[in-house]
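Everything on this sheet refers to the single structure shown next.
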Amino acid sequence: MLQAFVERTLEPAFADSVADPVVQIQEFLDRVLDNQRQRSCIGGCPMGNLASELSDVHEGFRQRLAGMFLQWRVTLAEVLARGRESGRLRSGLDPASAAQFLVAALEGAILLTKVTRDISVMERCVTELKRHLTLYEAR
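Written out as structure tokens, the structure reads:
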């Protein structure tokens, strides 16, 4: 399941190394939102669910899940760094910190969407994450 997330979600979203990194991240956020919409806010994030249930119980699962979240953050950080290097994003952007923020905010939004069964939670979060990303755009 963890590898499926990488193969079906991360890799296709960011495979094009010459695409606009801001657009790639915005489209990725839209896909996460669409996924929650299609699932009627039920189920949450499989990785987040497993992390919540197993991190304190099974060290092996905790390590695998930590690795998966790390891979997600690294992928986003690479895309953000590409944007910074191309001049699309400001030079002051810290790709690793911004990537960690994106992952943490998305996971929190997915959890709240699951608990409230209210897609507007996810919609607002995605809107705010996109707005946050524009703060780093080069002017």
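When you line the sequence shown up against numbering that gives the first Met the number 0, it's residues 0 to 138, in that order.
No residue lacks a Cβ here, since even glycine has one placed at the ideal position from N, Cα and C.
It should be emphasised that the depicted structure is a prediction, and the values quoted were computed from it without experimental measurement.
Considering only their Cβ atoms, is the gap separating residue j from residue i smaller than 7 Å?
i, j, result
"residue 114", "residue 20", "no"
"residue 35", "residue 121", "yes"
"residue 180", "residue 106", "Not covered by the structure: residue 180. The range shown for the chain is 0 to 138."
"residue 137", "residue 81", "no"
"residue 28", "residue 110", "no"
"residue 162", "residue 9", "As shown, the chain starts at 0 and ends at 138. That puts residue 162 outside it, with no answer to give."
Just reading off the alpha helix (DSSP H) that residue i is part of, what are its end residues?
i, result
"residue 92", "Careful: residue 92 lies outside any alpha helix (DSSP H) and carries neither H nor E."
"residue 119", "118-133"
"residue 33", "20-37"
"residue 74", "58-84"
"residue 137", "Element bounds for residue 137: n/a, residue is neither H nor E."
"residue 10", "10-13"
What is the C-beta distance between residue i and residue j, in whole angstroms, given that I count them as a contact (C-beta under 8 Å)?
i, j, result
"residue 76", "residue 95", "5 Å"
"residue 44", "residue 116", "About 15 Å separates the two Cβ atoms, so there is no contact after all."
"residue 61", "residue 54", "4 Å"
"residue 30", "residue 12", "7 Å"
"residue 135", "residue 97", "7 Å"
Discussion item. Using 8 Å as the cut-off, can you tell me whether the segment 94-112 makes contact with the segment 57-74, which would need three or more C-beta pairs spanning the two stretches below that distance?
Written reply: yes
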